[in-house]
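Written below as structure tokens is the structure these notes are about.
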Amino acid sequence: MKKEKSFAGWLYSLRTRWEDRRLGGISVEETKPSRFSALGAEATQSSDYRCLDRIFKKHVPLTKEDVLLDVGCGEGRVLTYLYLHKAKCRLMGVELDPDVTAIAQKRVENCPGIEIRCANILEAQDLMQQVTVYYLFNPFNGKIFSKFVAALEKQVPHPIRMVYLFDYYAAYLDNRPGWTKLAGETFQRKGGEQATYSIYRFDPSALNK
406 MKKEKSFAGW LYSLRTRWED RRLGGISVEE TKPSRFSALG AEATQSSDYR CLDRIFKKHV
466 PLTKEDVLLD VGCGEGRVLT YLYLHKAKCR LMGVELDPDV TAIAQKRVEN CPGIEIRCAN
526 ILEAQDLMQQ VTVYYLFNPF NGKIFSKFVA ALEKQVPHPI RMVYLFDYYA AYLDNRPGWT
586 KLAGETFQRK GGEQATYSIY RFDPSALNK
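Position 183 (the sequence shown) corresponds to 588 in this note's numbering; numbering is contiguous.
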């Protein structure tokens, strides 16, 4: 069993390098401490391709009417993954760290239509007016997560979906007015540790009832 896991991990490592370089030119597997931890930001790290396969192929179909925003998009792996898999929707990312933003913007230069902005999501109300699907890979701590949820509830004009990978603070949404859990899963990644995610729907009209 140990040999199989090691082989699976080796295969996944090959895949990450190949996928990362197909469009972005560099591997973005390394985890980097955030310079903005005082603002609640977590380390910069890239979503696992095995998780992305499972989430977007199984639970989150995207249409041309959707606008997907990767909150804390890091070095842009989610956006290039969706571009390579021919997602029909508009793809956007927001990243707090300007140095990390610059890397992500460089990586998507050959991906027409992807927009990456350096900003604090809590101050980007104009984005919240547009987005229909939010993707989060644990970008901030619980205090900022609660502020983000409050900002969404105040700003979004239409129903949205939220994909929350490594959903440490998802309990905050349980039984919260307007929020419905659509799916959730903990699964064993071949050659890696367990991963967990939740998918929610928020309908602002429910708050007015």
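Cβ atoms here follow ideal geometry from the backbone N, Cα and C, with glycine treated the same way.
Rounded to the nearest whole angstrom, the CA to CA distance from Trp-415 to Gly-429 is 21 Å. One thing to note: Glu-480 has its Cβ no nearer than 9 Å to the Cβ of Ile-460. Counting of Cβ neighbours within 10 angstroms places Gly-547 among the exposed residues, the total staying below 16. Segment contact: the stretch 569-584 against the stretch 530-550, three or more CB-CB distances shorter than 8 Å; contact assigned. Bridge partners of Arg-566 according to DSSP: Val-538 and Arg-606. In the assembly as shown, Arg-512 is a buried residue. Its beta-carbon has 16 or more other beta-carbons within 10 Å.
Beta-bridge pairing by DSSP links Gly-429 to no other residue. If the five residues before and after Asp-425 are omitted, its C-beta is found closer than 6 Å to the C-beta atoms of Ser-432 and Val-433, all from its own chain and listed in chain order.
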